[in-house]
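Participant: Offset between the sequence shown (1-based) and our numbering: plus 1.
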Amino acid sequence: MSNTLISKILWCPYCNGTKQVAFSKTPWYHADVQFWSDGRTKSDTWREPASVQLCPHCGKYFILSRDIKTIEYERPCSDTGQLPYNKQKEALAELSDGSDNEAAVRMALWHAYNDLYDGMADTEIQREEQQLNHLNMEWLLTYYRQKEPLFSYTSFELSRLLGRTDECKRMIDSLTFQAYEDRKKSKYNISDINIEVEYKLYDSIIANLKDALQKPLRPYLKK
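1. Less than 9 Å between the C-beta atoms of Gly18 and Cys78, yes or no?
2. Using a threshold of 9 Å, state whether the C-beta atoms of Cys13 and Lys88 are closer than that.
3. Do the CB positions of Leu110 and Leu142 come within less than 9 Å of each other?
4. Counting C-beta neighbours from all protein chains within 10 Å, is the total for Gly120 16 or more, i.e. buried, or is it exposed?
5. What residue ranges within the region 154–185 form continuous alpha helix (DSSP H) runs of no fewer than 4 residues, ordered along the chain?
6. Taking only runs of the beta strand (DSSP E) that begin and end inside the region 83–107, which ones reach a length of at least 3 residues, in chain order?
7. Using a threshold of 9 Å, state whether the C-beta atoms of Lys223 and Ser38 are closer than that.
8. Comparing C-alpha positions only, which one of Arg76, Cys56, Gln35 sits nearest to Phe24?
9. Taking the alpha carbon of Leu55 as the reference point, which residue from Leu93, Pro220, Asn137, Gly40 has its own alpha carbon closest?
10. Roughly how many whole angstroms lie between the Cα atoms of Tyr154 and Lys90?
11. Could you work out which residue in Leu11, Thr124, His135 is closest to Thr71 when comparing CA atoms only?
12. Could you round the C-beta distance between Glu103 and Ile7 to whole angstroms and report it? I think they count as a contact, below 8 Å.
13. Name the one or two DSSP bridge partners that Gln1 has.
14. So for Tyr62, helix, strand or coil by DSSP?
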C-alpha cells in the first residue's frame with residue numbers, strides 16, 4: 002500500500018488561529034516505521050502530527066487532543082509540528098498542571114531528550130540536563146504506575162532506564178498469562194481470545210522483556 006500523505010489544519014484553542022501539519026492517511030503498519038523501546042516512532046515517509054504544538058500566531062503551546070478542532074486537507078506538507086528539546090522544556094513550564102495533558106507534554110519532552118542525545122555518552126551531556134531527564138522519568142513512572150498498577154510497557158522501560166532491574170524482574174513475574182489475557186480483553190473490550198495464538202504472543206513478549214534487561218541503559222531500536 003502506498004503512503005497517502007496529506008495534512009491537517011489545526012485550530013489553536015487560545016486564539017483560534019490555524020496551523021497546517023503533516024498527516025499520513027496510510028496506517029502505520031503499512032509504512033516503513035521504526036519503533037524504539039521508549040515509544041518513539043521514526044519514518045522517512047509516514048507522518049503523524051506531534052502531540053505538543055506551538056501556535057504560530059499567539060505563541061502558546063497546546064496539546065493535540067480530541068478537543069482540538071481539526072480538518073483534513075488534501076494538500077500535503079512535511080512539517081508535523083515536532084518541537085525541538087528546548088521548546089519542549091518551555092511547553093512543560095507552560096502546561097504543567099498534573100493532568101493527563103501534563104503527562105503528554107512530559108512524554109514528548111522525554112522523547113525529545115532521547116532524540117537529541119541519542120548515541121552520546123553521559124559524559125557529553127550536561128549534568129543539569131541529565132538531572133532534569135531523571136526527574137521527568139520519575140514523574141512519568143509514578144503516573145503510569147497509577148494508571149496501570151500491574152504492568153505497562155512504558156513503566157517497564159522507564160524502570161529499566163532508571164536502572165531498577167529488580168523492579169523490572171518483578172513486573173515480568175507479575176505478567177502471568179492470565180494477567181496478560183485479562184489485560185488484553187480489557188484494553189480491546191473483547192470477551193474471548195484465541196488461546197493458541199495468544200500463548201505464542203505472550204511467550205514472545207516475555208522473551209523480549211527479558212532480553213531488554215540485557216540492553217545498555219539507553220532506548221534501543223526494536224526489531
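Glycine included, every Cβ here is placed at the ideal spot set by N, Cα and C.
Being a predicted model, the structure only gives us computed values, none of them experimental.
Facilitator: Well, looking at it:
1. As a position in the sequence shown, residue 18 is number 17, starting the count at 1. As a position in the sequence shown, residue 78 is number 77, starting the count at 1. No; because the gap between Cβ atoms is not below 9 Å, this pair is not in contact.
2. Taking the first residue of the sequence shown as 1, we reach residue 13 at position 12. Taking the first residue of the sequence shown as 1, we reach residue 88 at position 87. Against a cut-off of 9 Å, the Cβ pair of Lys88 and Cys13 comes out as no contact.
3. Numbered from 1 along the sequence shown, position 109 holds the residue referred to as residue 110. Numbered from 1 along the sequence shown, position 141 holds the residue referred to as residue 142. Cβ distance not < 9 Å, so Leu110 and Leu142 don't count as in contact.
4. By 1-based counting over the sequence shown, the position of residue 120 is 119. Exposed: under 16 other Cβ atoms inside 10 Å.
5. 154–162, 166–175
6. none
7. For the purposes of this step, residue 223 is identified with residue 222 of the sequence shown, where counting begins at 1. For the purposes of this step, residue 38 is identified with residue 37 of the sequence shown, where counting begins at 1. At the C-beta level, Lys223 and Ser38 come within 9 Å of one another.
8. Taking the first residue of the sequence shown as 1, we reach residue 24 at position 23. For the residues Arg76, Cys56, Gln35, the minimum Cα distance to Phe24 belongs to Arg76.
9. In the sequence shown, counting from the first residue as 1, residue 55 sits at position 54. Closest option to Leu55, Cα to Cα, is Leu93.
10. Stepping through the sequence shown from its first residue, residue 154 is reached at position 153. Stepping through the sequence shown from its first residue, residue 90 is reached at position 89. Distance between the alpha carbons of Tyr154 and Lys90 is about 24 Å.
11. Locating residue 71 in the sequence shown gives position 70, where the first residue counts as 1. Closest option to Thr71, Cα to Cα, is Leu11.
12. By one-based count along the sequence shown, residue 103 stands at place 102. By one-based count along the sequence shown, residue 7 stands at place 6. The pair is not a contact, with the Cβ atoms about 30 Å apart (cut-off 8 Å).
13. A question about residue 1 goes unanswered here, because the residues of the chain that appear run from 2 up to 224.
14. As a first step, residue 62 is located in the sequence shown; it is residue number 61 there, counting from the start. Strand at Tyr62.
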